[in-house]
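Q: Got a structure for you, written out below as structure tokens; questions coming shortly.
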């Protein structure tokens, strides 16, 4: 840990969690289908 102790103060963690209420089942499916294309990009950003 001593070799990376200079990096620790600069290491910041951020997060975002969003809830969206969509009353119609059909509208929820359509919304998730549109979001699905972004999942690989968001996963790559999350693990990097």
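Numbering (the working numbering), first residue to last: 204 to 251.
Glycine included, C-beta positions come from ideal geometry on N, C-alpha and C.
#1: Sorted by chain position, which residues of the same chain lie with C-beta nearer than 7 Å to residue 218's C-beta, five sequence neighbours on each side aside?
#2: For the alpha helix (DSSP H) containing residue 219, list its first residue and its last residue.
#3: Once DSSP output is grouped into helix, strand and coil, what is the label at residue 223?
#4: Looking at the structure shown, is residue 240 part of a helix, part of a strand, or coil, going by DSSP?
A: Looking at the atomic coordinates:
#1: For residue 218, where only same-chain residues beyond five positions count, there are no Cβ hits under 7 Å.
#2: That residue, residue 219, is in no alpha helix (DSSP H); it is neither H nor E in DSSP.
#3: coil
#4: coil
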